[in-house]
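Q: My questions will all concern the structure given below.
2 protein chains.
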Amino acid sequence: MKSEHIPKATIGRLAVYIQVLENLLRDGNDVISSEKLAQACSVNSSQIRKDLAYFGEFGVRGVGYYVQELITSIKQSLGIDRVWKCALIGVGNMGSALLRHHDFERRGFKICAAFDCDPDKIGLEFEGMEIVCPTHLREQAPELNLEIGIIATPPDRAQRAANHLVDANIRGIINFAPSRINVPKHIPVEYVDFFDHLYAIAFQITLGND
Amino acid sequence: MKSEHIPKATIGRLAVYIQVLENLLRDGNDVISSEKLAQACSVNSSQIRKDLAYFGEFGVRGVGYYVQELITSIKQSLGIDRVWKCALIGVGNMGSALLRHHDFERRGFKICAAFDCDPDKIGLEFEGMEIVCPTHLREQAPELNLEIGIIATPPDRAQRAANHLVDANIRGIINFAPSRINVPKHIPVEYVDFFDHLYAIAFQITLGND
DNA sequence: GCAGTCATGTGAATTTTTTAACAAGACAGA
DNA sequence: TCTGTCTTGTTAAAAAATTCACATGACTGC
Ligand SMILES: NC(=O)c1ccc[n+]([C@@H]2O[C@H](COP(=O)([O-])OP(=O)(O)OC[C@H]3O[C@@H](n4cnc5c(N)ncnc54)[C@H](O)[C@@H]3O)[C@@H](O)[C@H]2O)c1
Ligand SMILES: NC(=O)c1ccc[n+]([C@@H]2O[C@H](COP(=O)([O-])OP(=O)(O)OC[C@H]3O[C@@H](n4cnc5c(N)ncnc54)[C@H](O)[C@@H]3O)[C@@H](O)[C@H]2O)c1
Numbered sequence: 001m002k003s004e005h006i007p008k009a010t011i012g013r014l015a016v017y018i019q020v021l022e023n024l025l026r027d028g029n030d031v032i033s034s035e036k037l038a039q040a041c042s043v044n045s046s047q048i049r050k051d052l053a054y055f056g057e058f059g060v061r062g063v064g065y066y067v068q069e070l071i072t073s074i075k076q077s078l079g080i081d082r083v084w085k086c087a088l089i090g091v092g093n094m095g096s097a098l099l100r101h102h103d104f105e106r107r108g109f110k111i112c113a114a115f116d117c118d119p120d121k122i123g124l125e126f127e128g129m130e131i132v133c134p135t136h137l138r139e140q141a142p143e144l145n146l147e148i149g150i151i152a153t154p155p156d157r158a159q160r161a162a163n164h165l166v167d168a169n170i171r172g173i174i175n176f177a178p179s180r181i182n183v184p185k186h187i188p189v190e191y192v193d194f195f196d197h198l199y200a201i202a203f204q205i206t207l208g209n210d
Numbered sequence: 001m002k003s004e005h006i007p008k009a010t011i012g013r014l015a016v017y018i019q020v021l022e023n024l025l026r027d028g029n030d031v032i033s034s035e036k037l038a039q040a041c042s043v044n045s046s047q048i049r050k051d052l053a054y055f056g057e058f059g060v061r062g063v064g065y066y067v068q069e070l071i072t073s074i075k076q077s078l079g080i081d082r083v084w085k086c087a088l089i090g091v092g093n094m095g096s097a098l099l100r101h102h103d104f105e106r107r108g109f110k111i112c113a114a115f116d117c118d119p120d121k122i123g124l125e126f127e128g129m130e131i132v133c134p135t136h137l138r139e140q141a142p143e144l145n146l147e148i149g150i151i152a153t154p155p156d157r158a159q160r161a162a163n164h165l166v167d168a169n170i171r172g173i174i175n176f177a178p179s180r181i182n183v184p185k186h187i188p189v190e191y192v193d194f195f196d197h198l199y200a201i202a203f204q205i206t207l208g209n210d
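Taken in sequence, the protein lines are chains A and B.
1 is the number of the first residue of the first sequence in my numbering; add one for each residue after it.
1 is the number of the first residue of the second sequence in my numbering; add one for each residue after it.
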């Protein structure tokens with residue numbers, strides 16, 4: 001089918017499929033049907049087939065999908081069959097947890113540089129990386145080939161961090177701070193806020209209740 | 001209008017509205033129109049009016065919305081106009097960052113108990129809380145009135161943690177571990193995985209490129 | 001090599017969500 | 001009090017996403 005426009009929701013589900021497929025593979029499953037995968041992901045099986053159809057034909061009729069092959073195909077489709085180099089801005093509580101979290105590298109996102117404006121932090125070594133001032137972003141980004149910026153500053157500093165990233169010609173931004181940022185529209189921004197999920201849980205609990 | 005079923009996407013957007021409205025309030029804005037708010041949130045203004053209409057009429061025609069009032073109304077609608085008591089399971093890298101993050105309490109989600117099965121961690125004091133074994137969840141949950149469980153264990157331990165939470169009659173679960181869990185269907189589960197967002201960024205960058 | 005079973009890929013039908021359009025209400029100024 | 005300007009709440013239209021349904025291809029066992 002190989003479609004033009006892909007729903008955002010599809011991308012989110014593909015991430016879930018990968019997660020479940022990797023666990024299936026670890027448990028020794030070589031092949032899986034869309035129906036079984038659907039159950040594991042709590043979605044409709046047509047949904048899975050349609051999501052995959054946006055990118056190509058990865059299954060075998062009458063058989064299902066070869067798990068390893070499907071993982072590879074999905075990763076290719078998403079563009080995560082390579083390493084993306086990332087810059088972290090803000091090495092506080094959250095930033096440190098991210099730096100220590102080695103899943104990033106395993107999953108194809110390597111944090112290659114860490115920036116913080118706190119004079120007490122600049123110069124410190126952290127997880128084999130020296131913390132430097134964000135003003136160096138502009139020179140380091142091309143040198144290190146940094147493509148994605150991860151903002152983990154307080155919310156009122158997020159825009160400033162974003163400006164540094166834009167100046168440094170970064171290609172995409174993840175913002176962990178709970179505030180919106182303005183950047184040129186060719187640069188995609190994703191906002192990460194756990195509270196979305198907490199609100200959703202609170203709401204669902206409250207609903208079932210009234 | 002006061003509708004029956006509310007789209008999940010609406011809940012996500014309400015979280016964004018709150019975030020933006022709180023920043024607006026801090027900057028001294030008392031009133032805002034759906035059009036202005038829409039721009040700040042990068043959505044359509046009809047969308048905002050429709051989202052709000054699910055819950056009631058909060059605006060004044062010809063004027064707009066009173067910011068503080070609107071925040072209050074949205075919080076009431078979501079059921080976050082009170083404190084939700086949470087249990088954290090897994091006090092590692094991630095769990096510690098969550099415990100240290102005081103926004104939780106400020107935003108109405110108080111982590112009142114921390115559980116970990118590591119004998120080296122049990123008994124330690126952390127942020128004024130003693131880390132205890134998850135087997136105590138069952139007795140502590142009713143005592144402390146714990147309603148929401150936050151899982152921050154490694155992925156292969158998430159199901160076990162979920163079982164403890166279910167046993168303890170917890171009412172909703174947030175899972176930070178990258179694995180799906182099975183729980184009785186009256187208990188809502190939300191999965192938090194940053195990689196969704198990283199994938200989305202990688203995909204968008206790749207798209208613009210080919 | 002044929003029959004039976006299974007599961008994909010896809011067009012059509014359905015449902016859901018988003019956007020547009022506008023009538024009705026609120027306020028300010030004269 | 002009346003007029004003109006705004007902006008909401010809501011209905012109708014459009015667009016998008018999800019689900020259904022089934023023809024098509026693949027593999028198994030006889
Ligand atoms: N810690 C969590 O669990 C958690 C959870 C959700 C969201 N967040 C969000 O993540 C962000 C960071 O949280 P945190 O707990 O790490 O805060 P933190 O205060 O511990 O760390 C913030 C860091 O950013 C640095 N910083 C400030 N301004 C900067 C600038 N202009 N350039 C570079 N660095 C700058 C500070 O020096 C500090 O080291 C916050 O916006 C917070 O709301 C954190
Ligand atoms: N650190 C991050 O930035 C980050 C980011 C995204 C996702 N995550 C996910 O969050 C989870 C935790 O990550 P982490 O970095 O904190 O790992 P971690 O290994 O530092 O911590 C895990 C903790 O869970 C405890 N634990 C293990 N089994 C348990 C059980 N059955 N009951 C109670 N406690 C148990 C361990 O003793 C340990 O303290 C992982 O699933 C990880 O993939 C972490």
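Just so you know, even glycine gets a beta-carbon here, dropped at the ideal spot from N, CA and C.
Taking the DSSP output, what are the residues bridged to E109 (chain B)?
A: Residue identity differs from the one stated: residue 109 (chain B) is Phe in this sequence, not Glu. Paired residue(s): B:W84.
Q: Taking only three categories from DSSP, how would you classify I89 (chain B)?
A: Strand at I89 (chain B).
Q: M94 (chain A): beta carbon under 7 Å from a heavy atom of ligand 1?
A: Yes, Cβ of M94 (chain A) sits closer than 7 Å to a heavy atom of ligand 1.
Q: Give a single yes or no on whether R250 (chain B) has its beta carbon closer than 7 Å to a heavy atom of ligand 2.
A: Outside the modelled stretch of chain B, which goes from 1 to 210, sits residue 250 (chain B), for which no answer is possible.
Q: Kindly provide the ranges of any beta strand (DSSP E) runs that are 3 or more residues long and lie completely inside the stretch 158-196 of chain B, ordered along the chain.
A: For the stretch 158-196 of chain B, whole beta strand (DSSP E) runs of length 3 or above, ordered along the chain, are 172-175, 189-191.
Q: I'd like the ranges of any beta strand (DSSP E) spanning at least 3 consecutive residues and lying wholly in the stretch 94-154 of chain B.
A: You should have 109-115, 129-132, 148-151.
Q: Here's the rule: buried if 16 or more other CB atoms are within 10 angstroms of the residue's CB, otherwise exposed. What is L144 (chain A)?
A: Result: exposed.
Q: According to DSSP, is V67 (chain A) helix, strand or coil?
A: DSSP places V67 (chain A) in helix when its eight states are reduced to three.
Q: Among A:Y199, A:F195, A:V83, A:D116, which residue has its Cα nearest to the Cα of R160 (chain A)?
A: That would be A:D116, whose Cα lies nearest to the Cα of R160 (chain A).
Q: DSSP beta-bridge partners for I32 (chain B)?
A: B:Y65.
Q: Check the C-beta distance from L88 (chain A) over to I150 (chain A) and give it rounded, since I have them as a contact under 8 Å.
A: About 5 Å separates the two Cβ atoms, so the contact holds.
Q: Using the three-state DSSP reduction, which class does V20 (chain B) fall into: helix, strand or coil?
A: Helix, per DSSP.
Q: According to the neighbour-count rule (16 or more other Cβ atoms, all chains shown, within 10 Å of its Cβ), is A9 (chain B) buried or exposed?
A: With fewer than 16 other Cβ atoms within 10 Å, it is exposed.
Q: Using 8 Å for Cβ pairs, my map puts A38 (chain A) next to I48 (chain A). What's the rounded Cβ distance?
A: With a Cβ gap of about 5 Å, A38 (chain A) and I48 (chain A) count as contacting.
Q: Should G128 (chain A) be counted as a contact of ligand 1 given a C-beta to heavy atom distance under 7 Å?
A: Every heavy atom of ligand 1 is 7 Å or more from the Cβ of G128 (chain A), so no.
Q: So that I know if they touch, is there some Cβ in chain B lying closer than 8 Å to that of S33 (chain A)?
A: With 8 Å as the cut-off, S33 (chain A) does not count as an interface residue toward chain B.
Q: Please find out if some non-hydrogen atom of ligand 2 comes closer than 7 Å to the beta-carbon of L98 (chain A).
A: Yes; taking the cut-off as 7 Å, the Cβ of L98 (chain A) has a heavy atom of ligand 2 nearer than that.
Q: Cβ of R157 (chain A) within 7 Å of any heavy atom in ligand 1?
A: The answer is yes for R157 (chain A).
Q: With 8 Å as the C-beta to C-beta threshold (strictly closer), list the residues of the stretch 192-204 of chain B near chain A in chain order.
A: For the stretch 192-204 of chain B, which is checked against every Cβ of chain A, the residues closer than 8 Å are V192, D193, F194, F195, D196, H197, L198, Y199, A200, I201, A202, F203, Q204.
Q: Thinking C-alpha only, which one of B:R106, B:P142, B:I187 is nearest N163 (chain B)?
A: Among B:R106, B:P142, B:I187, the Cα nearest to that of N163 (chain B) is on B:I187.
Q: Where does the unbroken alpha helix (DSSP H) through D27 (chain B) begin, and where does it stop?
A: First-last for D27 (chain B): undefined, no H or E at that position.
Q: Which bits of chain B does M94 (chain A) rub up against, with CB to CB less than 8 Å?
A: Correct list: A97, H101.
Q: Say whether the stretch 50-65 of chain A touches the stretch 116-129 of chain A, bearing in mind that this needs 3 or more beta-carbon pairs closer than 8 Å, one atom from each stretch.
A: No, because fewer than three Cβ pairs between the stretch 50-65 of chain A and the stretch 116-129 of chain A fall closer than 8 Å, the two stretches do not touch.
Q: Exposed or buried, what is D51 (chain B) when buried is set at 16 or more other beta-carbons lying within 10 Å of its beta-carbon?
A: By the 10 Å Cβ count, D51 (chain B) comes out buried.
Q: If you drop the 5 nearest sequence neighbours on each side, which residues of the same chain put their C-beta closer than 8 Å to that of R100 (chain A)?
A: Here the set comprises E127.
Q: Run the proximity test for F89 (chain A): is its beta-carbon closer than 7 Å to any non-hydrogen atom belonging to ligand 1?
A: Here residue 89 (chain A) is Ile; the residue named in the question, Phe, does not match the sequence. Result yes, Cβ under 7 Å from ligand 1.
Q: Is there a Cβ of chain B sitting closer than 8 Å to that of I11 (chain A), yes or no?
A: So, interface residue.
Q: Would you check whether ligand 1 has a heavy atom nearer than 7 Å to the C-beta of A177 (chain A)?
A: Because some heavy atom of ligand 1 lies under 7 Å away, the Cβ of A177 (chain A) counts as near it: yes.
Q: Rounded to the nearest angstrom, what separates A15 (chain A) and D196 (chain B) at their Cα positions?
A: Each residue's alpha carbon lies about 6 Å from the other.
Q: According to DSSP, which residues form a beta bridge with V43 (chain B)?
A: None, per the DSSP bridge assignment.
Q: Can you give me the Cβ contacts of I6 (chain A) inside the same chain, cut-off strictly under 7 Å, excluding the 5 residues immediately before and after it?
A: Result list for I6 (chain A): Y54, in chain order.
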